[in-house]
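> Structure incoming, see below.
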Amino acid sequence: MNKSFSALKLAEEQVTELDSQLLKRKLRMTASPCDVEATVDNRQLKTFCSNDYLGLANHPDLIDALAKGASKYGVGSGASHLISGHSIAHDLLEKKLATFQSQHIAQVRALFFSTGYLANLTAVTGLARLAPHSNASIYSAKLNHASLIDGVHLASAQTKANVFLFDHTNLETLTEQLKKDRRPLKLIVTDGVFSMDGDIAPVQPLLNIASEHDAILLIDDAHGFGVLGKQGHGILEQEQIYSDRIVYIGTLGKAAGVSGAFICAHESLIEWLVQKGRPYIYSTATPPAIAHALLKSLEIIEGDEGNKRRTHLYRLIKIWQEEMVFDTWVKTSSCTPIQPIVLGSNANALEAAKQLDEVGYWIPAIRPPTVPVGSARLRITFSANHSVDDLQKLISTLKVIERNVSGKISS
Ligand SMILES: Cc1ncc(COP(=O)(O)O)c(C=O)c1O
Numbered sequence: 039m040n041k042s043f044s045a046l047k048l049a050e051e052q053v054t055e056l057d058s059q060l061l062k063r064k065l066r067m068t069a070s071p072c073d074v075e076a077t078v079d080n081r082q083l084k085t086f087c088s089n090d091y092l093g094l095a096n097h098p099d100l101i102d103a104l105a106k107g108a109s110k111y112g113v114g115s116g117a118s119h120l121i122s123g124h125s126i127a128h129d130l131l132e133k134k135l136a137t138f139q140s141q142h143i144a145q146v147r148a149l150f151f152s153t154g155y156l157a158n159l160t161a162v163t164g165l166a167r168l169a170p171h172s173n174a175s176i177y178s179a180k181l182n183h184a185s186l187i188d189g190v191h192l193a194s195a196q197t198k199a200n201v202f203l204f205d206h207t208n209l210e211t212l213t214e215q216l217k218k219d220r221r222p223l224k225l226i227v228t229d230g231v232f233s234m235d236g237d238i239a240p241v242q243p244l245l246n247i248a249s250e251h252d253a254i255l256l257i258d259d260a261h262g263f264g265v266l267g268k269q270g271h272g273i274l275e276q277e278q279i280y281s282d283r284i285v286y287i288g289t290l291g292k293a294a295g296v297s298g299a300f301i302c303a304h305e306s307l308i309e310w311l312v313q314k315g316r317p318y319i320y321s322t323a324t325p326p327a328i329a330h331a332l333l334k335s336l337e338i339i340e341g342d343e344g345n346k347r348r349t350h351l352y353r354l355i356k357i358w359q360e361e362m363v364f365d366t367w368v369k370t371s372s373c374t375p376i377q378p379i380v381l382g383s384n385a386n387a388l389e390a391a392k393q394l395d396e397v398g399y400w401i402p403a404i405r406p407p408t409v410p411v412g413s414a415r416l417r418i419t420f421s422a423n424h425s426v427d428d429l430q431k432l433i434s435t436l437k438v439i440e441r442n443v444s445g446k447i448s449s
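Numbering of the sequence shown is given in this note's numbering, commencing with residue 39 and proceeding in unit increments.
Structure below.
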């Protein structure tokens, strides 16, 4: 054997270190479709952790649409959109996505991506490059999703962009910074629904600030698209917003039940991203069959069935808010299907997740760096496929787990 390769030793040491801090993550493998029950290690678990909010990931009409899409378009796109990968299915999907936001964004055009991560990287880096001499200012909400954070880091590495972080629950510092800002292009970046807390960004106040300071407002509505608004069009529909300065990002692997994401913005901004959005340009287009299945998903989302699914989802949220009463644990005031219980230490969160697993629930512990240090949590999410009975059983189970975990930690 030759001398051991030093990177292997480093990797093993670092992972051991993560484990000692209770920060090592473990993959669990399912042997069933994504739904409210999962087969994991030959056991059936009730899941309250996916982002399949409308329960569409295993919907027979979508399965059928994907199969039909594959027989019509094959299984691969073969190249990036600008080479030969852009199919009529992508075009139809983009046109339909644009109609979803047409009441909210002036001269809107949509651009489809294989993931939300890629859409966010493209939007933030591409928009930052719009600034003359690349000297944009980027204002990013502190609790934004990792893909936005990484987009901001990449933009600041690639351009001369200045970066400021702001607290989305107190916009005063954002306003103060903007007042002093003489840079030619300003970009405010926020999650629509904050993914680990479930609270909703103050979109109208942010838009007012953006208008006053001639900034772009980028909203990542990964957890609002399909869920918020009467027709499920997302946060802009719910808040009744109309503007030409909004860049809206939705993902399609969560409430839409399939995979992918999109950016909706004024056609001039989208055309710029097509020309200069590097992650868009240099990545193979999603299989057109996926776009074909997504057209079916959009039809369900804005139709009667989507409406019924949202109505049921909001009933579950209301029951949770009214009936989930803890002795010591604290619920947040989220009015979305994301309902975290913040437990503080990694040990507490892991113990609660372990005890839930033992009684048949899959609700993993969410730890740093996904959430700030000291705020490890159970991130409970609801799906329209959960029944009221499922929820009430979860509520009684959590009350027992709360007592067990609190007893164990204090003893
Ligand atoms: C707020 C937010 N934005 C973006 C993403 C990334 O989307 P995707 O999973 O499609 O890459 C996620 C995914 O978890 C998210 O929670």
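Using N, Cα and C, we set each Cβ at its ideal position, and we do this for glycine too.
Check whether the Cβ of His191 sits closer than 7 Å to any heavy atom of ligand 1, and report yes or no.
His191: no, Cβ never under 7 Å from ligand 1.
> Considering Cα atoms alone, identify which of Lys217, Glu360, Leu256, Gln313 is closest to Cys373.
Cys373 has its Cα closest to that of Glu360, out of Lys217, Glu360, Leu256, Gln313.
> Cα-Cα, which of Gly288, Glu214, Ile279, Ile226 is closest to Leu336?
Of the listed residues, the one whose Cα sits closest to Leu336 is Gly288.
> Taking all protein chains shown into account, decide if Ser449 is buried (16 or more other Cβ within 10 angstroms of its Cβ) or exposed.
Reliability fails at Ser449, whose pLDDT of 45 lies under 50, so the model's placement of it is uncertain and no value is given.
> Let me make sure I understand the geometry here. Which of Lys180, Leu225, Lys369, Leu209 has the alpha-carbon closest to that of Ala199?
It is Leu225.
> For Tyr280, count neighbouring Cβ atoms within 10 angstroms of its own Cβ and tell me buried if that reaches 16, exposed if not.
That one is exposed.
> Using DSSP's beta-bridge definition, name the partner residues of Arg147.
According to DSSP, which records beta bridges pairwise, Arg147 is partnered with Ala303.
> What residues are listed by DSSP as bridge partners for Tyr177?
According to DSSP, which records beta bridges pairwise, Tyr177 is partnered with Phe202, Ile226.
> Go through the segment 289 to 357 residue by residue and report every complete run of the alpha helix (DSSP H) that reaches 4 residues or more, in order.
The segment 289 to 357 contains these whole alpha helix (DSSP H) runs: 305 to 314, 316 to 319, 326 to 340.
> Check whether the Cβ of His206 lies closer than 7 Å to any heavy atom of ligand 1, and answer yes or no.
No, Cβ of His206 sits at least 7 Å from all heavy atoms of ligand 1.
> Return helix, strand or coil for Gln278, following the three-state DSSP convention.
If DSSP states are grouped into helix, strand and coil, Gln278 belongs with coil.
> Secondary structure at Ile401, three-state DSSP: helix, strand or coil?
If DSSP states are grouped into helix, strand and coil, Ile401 belongs with coil.
> So is Arg147 buried or exposed if we call it buried at 16+ other beta carbons inside 10 Å?
Classification of Arg147: buried, given that the 10 Å Cβ count is 16 or more.
> From the DSSP output, in three-state form, read off Pro378 for me.
Note: Pro378 maps to strand in three-state DSSP.
> Following the continuous beta strand (DSSP E) through Ala253, name the residue where it begins and the one where it ends.
Note, Ala253: beta strand (DSSP E), 253 to 258.
> What residue from Glu51, Val296, Gly230 has the CA that sits closest to Glu277's CA?
Closest by alpha carbon: Gly230.
> Taking 7 Å as the cut-off, is the CB of Asn246 close to at least one heavy atom of ligand 1?
Answer for Asn246: no, Cβ out of range of ligand 1.
> Identify, in the order they occur along the chain, each residue of the same chain with its Cβ nearer than 7 Å to the Cβ of Thr368, setting aside the five sequence neighbours on each side.
The residue you asked about is not Thr; residue 368 is Val in the sequence shown. Within the same chain, Val368 has close Cβ partners Val380.
> At 3 residues or longer, what runs of the beta strand (DSSP E) sit wholly inside the segment 75 to 117?
Counting whole runs of 3 or more residues, the segment 75 to 117 contains the beta strand (DSSP E) stretches 75 to 78, 81 to 85.
> For His128 versus Leu274, is the C-beta spacing smaller than 8 Å?
No, the pair does not count as a contact, with Cβ atoms beyond the cut-off.
> Would you grab the beta carbon distance between Leu503 and Ala169 for me? Rounded to a whole angstrom, and I think it's under 8 Å.
The first residue shown for the chain is 39 and the last is 449, placing residue 503 beyond what the model contains.
> Assuming Ile126 is part of the alpha helix (DSSP H), what are its boundary residues?
It spans 126 to 138 - the alpha helix (DSSP H) in which Ile126 sits, taken as one unbroken run.
> Mind checking which residues open and close the alpha helix (DSSP H) that includes Ala414?
Looking at the DSSP string, Ala414 is not in any alpha helix (DSSP H); the run it does join, the beta strand (DSSP E), is 414 to 419.
> According to the neighbour-count rule (16 or more other Cβ atoms, all chains shown, within 10 Å of its Cβ), is Met234 buried or exposed?
Label assigned to Met234: buried.
> Once the 5 residues before and after Pro317 are set aside, which same chain residues still bring their CB inside 6 Å of it?
Cβ neighbours of Pro317 beyond the five flanking positions: Leu156, Leu159, Thr160.
> Could you give the DSSP three-state label for Val285: helix, strand or coil?
Val285: strand per DSSP, three-state reduction.
> Quick check: what's the CA-CA separation for Ile355 versus Gln430?
So the two alpha carbons sit approximately 12 Å from each other.
> Please tell me whether, using a cut-off of 7 Å, the distance from the CB of Ala390 to the nearest non-hydrogen atom of ligand 1 is below it.
Because no heavy atom of ligand 1 lies under 7 Å away, the Cβ of Ala390 does not count as near it: no.
> Should Val227 and Leu181 be called a contact, given that it needs their Cβ atoms to be closer than 8 Å?
Taking 8 Å as the Cβ cut-off, Val227 and Leu181 do not qualify as a contacting pair.
> List the endpoints of the continuous alpha helix (DSSP H) containing Asp57.
Per DSSP, Asp57 belongs to the alpha helix (DSSP H) from 44 to 58.
> Please state whether DSSP places Val409 in a helix, a strand or coil.
It is coil, neither helix nor strand.
> Shortest alpha-carbon distance to Ser194 belongs to which of Pro378, Pro240, His171?
Answer by Cα proximity: His171.
> According to DSSP, simplified to helix, strand and coil, what is Val443?
Helix, per DSSP.
> What is the C-beta distance between Ile254 and Val285, in whole angstroms, given that I count them as a contact (C-beta under 8 Å)?
Correct: roughly 6 Å between the Cβ atoms.
> Would Leu94 and Asn384 qualify as a contact pair, given that the criterion is a beta-carbon distance under 8 Å?
No. Outside cutoff.
> Nearest CA to the CA of Ala239: which residue from Pro222, Gly264, Gly272, Lys268?
Ranking the options by Cα distance to Ala239, first place goes to Gly272.
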